[in-house]
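Participant: Quick one: structure below, then a few questions.
Number of protein chains: 2
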Amino acid sequence: MNNDKHIASAFDRDLEAIQALIMKMGGMVEANITAAAQALEDRDVETAAKVRAADKAIDILEEQINEEAARVIALRSPAASDLRTVLTVMKIAGNLERCGDYAKNLAKRTGVLAELTPIDGAGASIRRMARAVEEMLKMALDAYIQRDAELAEQVRQRDLDVDQMYNALFREFLTYMMEDPRNISACMHLHFIAKNIERMGDHATSIAEQVIYLVTGEMPEDARPKGDLTSHTDLGLEAP
Amino acid sequence: MNNDKHIASAFDRDLEAIQALIMKMGGMVEANITAAAQALEDRDVETAAKVRAADKAIDILEEQINEEAARVIALRSPAASDLRTVLTVMKIAGNLERCGDYAKNLAKRTGVLAELTPIDGAGASIRRMARAVEEMLKMALDAYIQRDAELAEQVRQRDLDVDQMYNALFREFLTYMMEDPRNISACMHLHFIAKNIERMGDHATSIAEQVIYLVTGEMPEDARPKGDLTSHTDLGLEAP
Chain P
1 MNNDKHIASA FDRDLEAIQA LIMKMGGMVE ANITAAAQAL EDRDVETAAK VRAADKAIDI
61 LEEQINEEAA RVIALRSPAA SDLRTVLTVM KIAGNLERCG DYAKNLAKRT GVLAELTPID
121 GAGASIRRMA RAVEEMLKMA LDAYIQRDAE LAEQVRQRDL DVDQMYNALF REFLTYMMED
181 PRNISACMHL HFIAKNIERM GDHATSIAEQ VIYLVTGEMP EDARPKGDLT SHTDLGLEAP
Chain Z
1 MNNDKHIASA FDRDLEAIQA LIMKMGGMVE ANITAAAQAL EDRDVETAAK VRAADKAIDI
61 LEEQINEEAA RVIALRSPAA SDLRTVLTVM KIAGNLERCG DYAKNLAKRT GVLAELTPID
121 GAGASIRRMA RAVEEMLKMA LDAYIQRDAE LAEQVRQRDL DVDQMYNALF REFLTYMMED
181 PRNISACMHL HFIAKNIERM GDHATSIAEQ VIYLVTGEMP EDARPKGDLT SHTDLGLEAP
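Chains as they are written, first to last, in the UniProt record's numbering: chain P, 1 to 240; chain Z, 1 to 240.
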């Protein structure tokens, strides 16, 4: 009953406005991931502090997106498929917020790590992993805006690379810990960071899967391809 | 304009129905946390498998809550304060879903840990911490249903205990790792588990804070009291 032209385009305009907020939020999250990883590598606590401050703005934007979305639902009483689109927007905002939290957490650890035994090459590896995830996020949001299920599928495949990067890093940190107990503390922080970046990848993948659902009406068959199968193998030295 | 008696009570009935789903979801999550921690202590992979299966039902319930909430918003076009209440329901469902995920993750690691060097007393410590968090969740949901800001405040205070439990466990695992490198792998899994339980506590606290906001119209002044300040100290052996 809300299908007449006038109402439909009002809904579309509302949706576009919210999508613009999502893209803005995505840009802020991407920037924060990059800055956090760079700060970690450079042991730059000042930049790390900026990342933590910027996360507040990201959280506020999520609130705003949720309230706008609710307002649109209340105002337009959208039909089932439009309702699903708005709920997807809220989910994507939630995924972005979580990524922002992980970037903030990464920034928090920069100060601690700056005081600990440096681990050779760890900063650069973390930064590479962060860049891969940031690209995944960008692709996932592009796929969303363009309703491009193929691009979304590529994001899912990229997540396998990120999982592999994580597994490799985990093994590397393990050898450092076994070599010298004084490395244990730094390596545990680094391991948490790597795990959190791997989780950002999962959130980018989750955005991609929602795009596939929006476009095709079905969740990807094998949701989701898992590179980090290690938490249910019985090999002692696998990545947790 | 929706303030006449008839519409208001229809909204209330709708809200009550959704709140019943929240309580059901909360019960399932609490049961899964307990079962996962018990399975870990008993090295009981069969129960762990059940936990993982039950998490699917929890996820489906979250979907259902979100869709019901959206339906209510579309149908009743609630005024600002009622709209906030419905958005809060969705947030609480999100917090519960995350707790469920952490319980599932705990269950996943049961199989791995069963094959590794046992760490004395770790299973029992984890179970105690899980029980504390489960109680926090129960209190937070009671506070929500009764709109009891005082009870919600107690949840926030309890979170400090859980953070302390986590910090103590972290130190304990660290000593095991330093003592014998063969303990490293098991301790890293256990550490992740402890961290995930600590995060469940954060989600219970987040529910409590939303209750305080619903009742008082303001977020708690010092949101939130933080027992795990360690990720921004410069002490090398602090918990990440």
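Using N, Cα and C, we set each Cβ at its ideal position, and we do this for glycine too. Computed from a prediction, not measured in an experiment: that's the story for all the values here.
Does Lys56 (chain Z) pass the burial test, meaning 16 or more other C-beta atoms within 10 Å, or should it be called exposed?
Facilitator: Numbered from its first residue, the second sequence carries residue 56 (chain Z) at position 56. Lys56 (chain Z) should be labelled exposed.
Participant: Where does Gly94 (chain Z) land, buried or exposed, given buried means 16+ other C-beta within 10 angstroms?
Facilitator: In the second sequence, counting from the first residue as 1, residue 94 (chain Z) sits at position 94. Buried, by the Cβ-count rule.
Participant: Please state whether DSSP places Glu115 (chain Z) in a helix, a strand or coil.
Facilitator: Start at 1 with the first residue of the second sequence, and residue 115 (chain Z) comes out as number 115. Three-state result, Glu115 (chain Z): coil.
Participant: Taking the alpha carbon of Gln210 (chain Z) as the point to measure from, which residue in Z:Pro181, Z:Ala194, Z:Cys187 and Z:Ala143 has its own alpha carbon closest?
Facilitator: Here residue 210 (chain Z) refers to the residue found at position 210 of the second sequence. Answer by Cα proximity: Z:Ala143.
Participant: With DSSP run on the structure shown, which of helix, strand or coil describes Met23 (chain P)?
Facilitator: Here residue 23 (chain P) refers to the residue found at position 23 of the first sequence. In the structure shown, Met23 (chain P) sits in a helix (DSSP, three-state: H, G or I).
Participant: Let me confirm a value: Met188 (chain Z) is counted as buried when at least 16 other C-beta atoms fall within 10 Å, else exposed. Which label applies?
Facilitator: In the second sequence, the residue the question calls residue 188 (chain Z) occupies position 188. Classification of Met188 (chain Z): buried, given that the 10 Å Cβ count is 16 or more.
Participant: What did DSSP end up calling Asn2 (chain Z) once you bin it into helix, strand or coil?
Facilitator: Numbered from 1 along the second sequence, position 2 holds the residue referred to as residue 2 (chain Z). Only weak support is given to the placement of Asn2 (chain Z): the predicted model assigns it a pLDDT of 46, under 50, and the question is left unresolved by the model.
Participant: Hey, could you find the ends of the alpha helix (DSSP H) Asn183 (chain P) is sitting in?
Facilitator: Walking along the first sequence from the start, residue 183 (chain P) turns up at place 183. In the DSSP assignment, Asn183 (chain P) falls outside any alpha helix (DSSP H) and carries neither an H nor an E.
Participant: So the candidates are Z:Ile73, Z:Lys108 and Z:Val86; which of them puts its Cα closest to the Cα of Leu83 (chain P)?
Facilitator: Here residue 83 (chain P) refers to the residue found at position 83 when the first sequence is read from its first residue. That would be Z:Ile73, whose Cα lies nearest to the Cα of Leu83 (chain P).
Participant: Could you please tell me which residues of the region 157-189 of chain P, in chain order, have their CB closer than 7 Å to any CB of chain Z?
Facilitator: Leu174, Met177, Met178, Pro181, Ile184, Ser185, Met188 and His189
Participant: When the cut-off is 8 Å and only beta carbons count, does Pro220 (chain P) lie next to chain Z?
Facilitator: Residue 220 (chain P) sits at position 220 when you count from the first residue of the first sequence. Chain Z, which has no Cβ nearer than 8 Å to the Cβ of Pro220 (chain P), makes this no.
Participant: From the beta carbon of Ala10 (chain P), is the nearest beta carbon of chain Z less than 8 Å away?
Facilitator: Here the question's residue 10 (chain P) lines up with position 10 in the first sequence. It does not; no Cβ of chain Z falls within 8 Å.
Participant: Classify Asp216 (chain P): buried if its beta carbon has 16 or more other beta carbons within 10 angstroms, exposed otherwise.
Facilitator: Position 216 of the first sequence, counting from 1, holds the residue named residue 216 (chain P). According to the sequence shown, residue 216 (chain P) is Thr rather than Asp. Thr216 (chain P) should be labelled exposed.
Participant: So the candidates are Z:Arg13, Z:Leu40, Z:Gln38 and Z:Asp202; which of them puts its Cα closest to the Cα of Leu75 (chain Z)?
Facilitator: On the second sequence, residue 75 (chain Z) is found 75 positions in, with the first residue counted as 1. With distances taken between Cα atoms, Leu75 (chain Z) lies closest to Z:Arg13.
Participant: Just how far apart, CA to CA, sit Ile119 (chain P) and Asn167 (chain P)?
Facilitator: Along the first sequence, read from residue 1 onward, the residue named residue 119 (chain P) stands at position 119. Along the first sequence, read from residue 1 onward, the residue named residue 167 (chain P) stands at position 167. About 17 Å.
Participant: Taking the continuous alpha helix (DSSP H) assigned at Asp59 (chain Z), which residues delimit it?
Facilitator: Here residue 59 (chain Z) refers to the residue found at position 59 when the second sequence is read from its first residue. Looking at the DSSP string, the run of the alpha helix (DSSP H) that includes Asp59 (chain Z) is Val45 to Arg76.
Participant: Please list, in chain order, the chain P residues whose beta carbon lies closer than 9 Å to that of Asn66 (chain Z).
Facilitator: Taking the second sequence and counting its residues from 1, the one referred to as residue 66 (chain Z) is at position 66. Correct list: Leu87, Met90 and Lys91.
Participant: In this structure, how does DSSP classify Ala79 (chain P) when only helix, strand and coil are distinguished?
Facilitator: Along the first sequence, read from residue 1 onward, the residue named residue 79 (chain P) stands at position 79. Of the three classes helix, strand and coil, the one that applies to Ala79 (chain P) here is coil, per DSSP.
Participant: Would you call the region 135-152 of chain Z and the region 20-27 of chain Z in contact, with 3 or more CB pairs under 8 Å?
Facilitator: Touching, per the Cβ criterion.
Participant: Checking contacts by CB at 8 Å: is Ile73 (chain Z) closer than that to chain P?
Facilitator: Position 73 of the second sequence holds residue 73 (chain Z). Interface residue, yes.
Participant: Are Met28 (chain Z) and Ala54 (chain Z) closer than 8 Å when you measure CB to CB?
Facilitator: Position 28 of the second sequence, counting from 1, holds the residue named residue 28 (chain Z). Position 54 of the second sequence, counting from 1, holds the residue named residue 54 (chain Z). Against a cut-off of 8 Å, the Cβ pair of Ala54 (chain Z) and Met28 (chain Z) comes out as a contact.
Participant: How far does the alpha helix (DSSP H) with Glu218 (chain P) in it reach, from first residue to last?
Facilitator: Start at 1 with the first residue of the first sequence, and residue 218 (chain P) comes out as number 218. Looking at the DSSP string, Glu218 (chain P) is not in any alpha helix (DSSP H), and its letter there is neither H nor E.
Participant: Have a look at Asn2 (chain P) and Leu151 (chain P) and give me their C-alpha separation to the nearest angstrom.
Facilitator: Stepping through the first sequence from its first residue, residue 2 (chain P) is reached at position 2. Stepping through the first sequence from its first residue, residue 151 (chain P) is reached at position 151. Residue placement at Asn2 (chain P) cannot be trusted, given a pLDDT of 46 that sits under 50; the coordinates are not used to answer.
Participant: On the criterion of 16 or more Cβ atoms from any shown chain inside 10 Å, does Gly26 (chain Z) qualify as buried, or is it exposed?
Facilitator: In the second sequence, counting from the first residue as 1, residue 26 (chain Z) sits at position 26. By the 10 Å Cβ count, Gly26 (chain Z) comes out buried.
Participant: Between the Cα of Ala132 (chain Z) and those of Z:Ala39, Z:Ala35, Z:Ile197 and Z:Thr117, spot the shortest distance and give me the residue it belongs to.
Facilitator: Counting from 1 along the second sequence, the entry for residue 132 (chain Z) is found at position 132. Per the C-alpha coordinates, the member of Z:Ala39, Z:Ala35, Z:Ile197 and Z:Thr117 positioned closest to Ala132 (chain Z) is Z:Ile197.
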